[in-house]
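The structure appears below as structure tokens.
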Amino acid sequence: EASEQAWMASVYKFYGAGASEELDCIPANGGGAWLSRALIESRMSADTPVLRLTCKEGYELLSDEVRFRETQDWLDEHLKPLLEALPAGARSFLGRDFGRSGDLSVDYPLLQEKNLIRRVPFVLELRNVPFRQQEQITWYLMDGLPGLLGAAFDARGNGAYLAEYAMQRYGSGRVQQVMPTEGWYREHMPPVKAALEDGNLVDLPKDEDTLDDLRAVQVVNGVPRVPEQRSKAKADGGKRHGDSAIALALAYFASREINKGPVKASSRRRRQAARMLEGY
564 EASEQAWMAS
574 VYKFYGAGAS
584 EELDCIPANG
594 GGAWLSRALI
604 ESRMSADTPV
614 LRLTCKEGYE
624 LLSDEVRFRE
634 TQDWLDEHLK
644 PLLEALPAGA
654 RSFLGRDFGR
664 SGDLSVDYPL
674 LQEKNLIRRV
684 PFVLELRNVP
694 FRQQEQITWY
704 LMDGLPGLLG
714 AAFDARGNGA
724 YLAEYAMQRY
734 GSGRVQQVMP
744 TEGWYREHMP
754 PVKAALEDGN
764 LVDLPKDEDT
774 LDDLRAVQVV
784 NGVPRVPEQR
794 SKAKADGGKR
804 HGDSAIALAL
814 AYFASREINK
824 GPVKASSRRR
834 RQAARMLEGY
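Once you know that position 50 of the sequence shown is 613 in the numbering used here, the rest is easy, because the numbers rise by one and skip nothing.
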């Protein structure tokens, strides 16, 4: 019996998020993936890199100095060249989904072109990275993005600390602390799909885990969102929970809703009749 239970557990693990539908004959919420593979792949680019940093178990026990120095060296080696390659006059936005031990933290920058198309220059994924180093990496990224107009941070759970600190550091006009609720998903996920369909959101990384994250979005109670089930990452074998899909949605939300840039105000010359009535 024990061997049979172990076998069943392995089968359910293999099917992951699709186990209920495939094995238990329970219909998927809304009929499967919300975004088609063909649509996602049509907006991917092999030139868009995914930077992945995984810290070993117990890394948080090292001294602050060692962790800071090693992280700074990694940033200078891997992230700095990508930031320096971005056009200086660009307008950029950022979405951040937070995770610490179980889930990933994902940073999704977007560059807005003059024709309003949003382009993904790169994606940053962090696994098991201590809180202080996530803070260090976030400031490095935000300080390096050209013309950063807005950032949306996942403010649930442990993410609340960094979201609030980012708002204090960069201003409430540029950073929004987002609590993704069913209402938030209902309002802000459909524009992501529309942008992909219209070609206004392009250059997603051509990456299996990115594809799986976006395919994980399903319609739950009439709302497109990431279900509770987790999947296994192909890049490092760790757990994923649609993390990059959430980060992308936050980034696109930031590009639509936060700080559209300077607005030029021009006033008309005073009318002749107004000048004639002066003194009366």
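All C-beta atoms, glycine included, are put in the ideal place defined by N, C-alpha and C.
Using the Cα positions of residue i and residue j, report the straight-line distance between them to the nearest angstrom.
{"i": "residue 603", "j": "residue 790", "result": "19 Å"}
{"i": "residue 640", "j": "residue 649", "result": "16 Å"}
{"i": "residue 632", "j": "residue 821", "result": "33 Å"}
{"i": "residue 775", "j": "residue 734", "result": "34 Å"}
{"i": "residue 620", "j": "residue 693", "result": "10 Å"}
{"i": "residue 600", "j": "residue 773", "result": "11 Å"}
{"i": "residue 687", "j": "residue 637", "result": "12 Å"}
{"i": "residue 748", "j": "residue 680", "result": "22 Å"}
{"i": "residue 723", "j": "residue 698", "result": "12 Å"}
{"i": "residue 657", "j": "residue 573", "result": "38 Å"}
{"i": "residue 736", "j": "residue 803", "result": "31 Å"}
{"i": "residue 706", "j": "residue 567", "result": "54 Å"}
{"i": "residue 708", "j": "residue 607", "result": "21 Å"}
{"i": "residue 626", "j": "residue 689", "result": "20 Å"}
{"i": "residue 754", "j": "residue 630", "result": "39 Å"}
{"i": "residue 618", "j": "residue 752", "result": "31 Å"}
{"i": "residue 683", "j": "residue 719", "result": "24 Å"}
{"i": "residue 787", "j": "residue 628", "result": "43 Å"}
{"i": "residue 784", "j": "residue 750", "result": "14 Å"}
{"i": "residue 769", "j": "residue 611", "result": "7 Å"}
{"i": "residue 651", "j": "residue 569", "result": "56 Å"}
{"i": "residue 662", "j": "residue 668", "result": "4 Å"}
Let me make sure I understand the geometry here. Which of the options has the alpha-carbon closest to that of residue i?
{"i": "residue 598", "options": "716, 760, 814 and 675", "result": "760"}
{"i": "residue 623", "options": "729, 664, 601 and 703", "result": "664"}
{"i": "residue 731", "options": "720, 719, 627 and 714", "result": "714"}
{"i": "residue 897", "options": "783, 743 and 782", "result": "There is no way to answer for residue 897, as the model of the chain reaches only from 564 to 843."}
{"i": "residue 764", "options": "627, 668, 673 and 721", "result": "673"}
{"i": "residue 854", "options": "746, 675 and 701", "result": "In this structure the chain extends from 564 to 843, so residue 854 is not present and cannot be described."}
{"i": "residue 703", "options": "719, 670 and 678", "result": "670"}
{"i": "residue 721", "options": "778, 660, 677 and 746", "result": "660"}
{"i": "residue 711", "options": "746, 691, 675 and 685", "result": "675"}
{"i": "residue 645", "options": "569, 668, 717 and 614", "result": "614"}
Would DSSP call residue i helix, strand or coil?
{"i": "residue 592", "result": "Bear in mind that the predicted position of residue 592 carries a pLDDT of just 49, short of 50, making it unreliable; the figure below should be weighed with that in mind. In this structure, residue 592 counts as coil in the three-state DSSP scheme."}
{"i": "residue 808", "result": "helix"}
{"i": "residue 770", "result": "coil"}
{"i": "residue 732", "result": "helix"}
{"i": "residue 802", "result": "strand"}
{"i": "residue 682", "result": "strand"}
{"i": "residue 713", "result": "strand"}
{"i": "residue 571", "result": "helix"}
{"i": "residue 566", "result": "helix"}
{"i": "residue 780", "result": "coil"}
{"i": "residue 819", "result": "helix"}
{"i": "residue 624", "result": "helix"}
{"i": "residue 649", "result": "coil"}
When burial is assigned at 16 or more other CB atoms within 10 Å of the CB, is residue i buried or exposed?
{"i": "residue 813", "result": "buried"}
{"i": "residue 766", "result": "buried"}
{"i": "residue 571", "result": "exposed"}
How would you write the range of the beta strand (DSSP E) that residue i sits in, first residue to last?
{"i": "residue 658", "result": "654-660"}
{"i": "residue 674", "result": "668-675"}
{"i": "residue 737", "result": "Neither: residue 737 is in no beta strand (DSSP E) and is coded neither H nor E."}
Could you give the residue range of the alpha helix (DSSP H) that holds residue i?
{"i": "residue 701", "result": "694-707"}
{"i": "residue 629", "result": "627-637"}
{"i": "residue 754", "result": "745-761"}
Mind checking whether the beta-carbon of residue i lies closer than 7 Å to any heavy atom of the ligand COA?
{"i": "residue 683", "result": "Ligands are entirely absent from the displayed structure, and the ligand COA is therefore not among its contents."}
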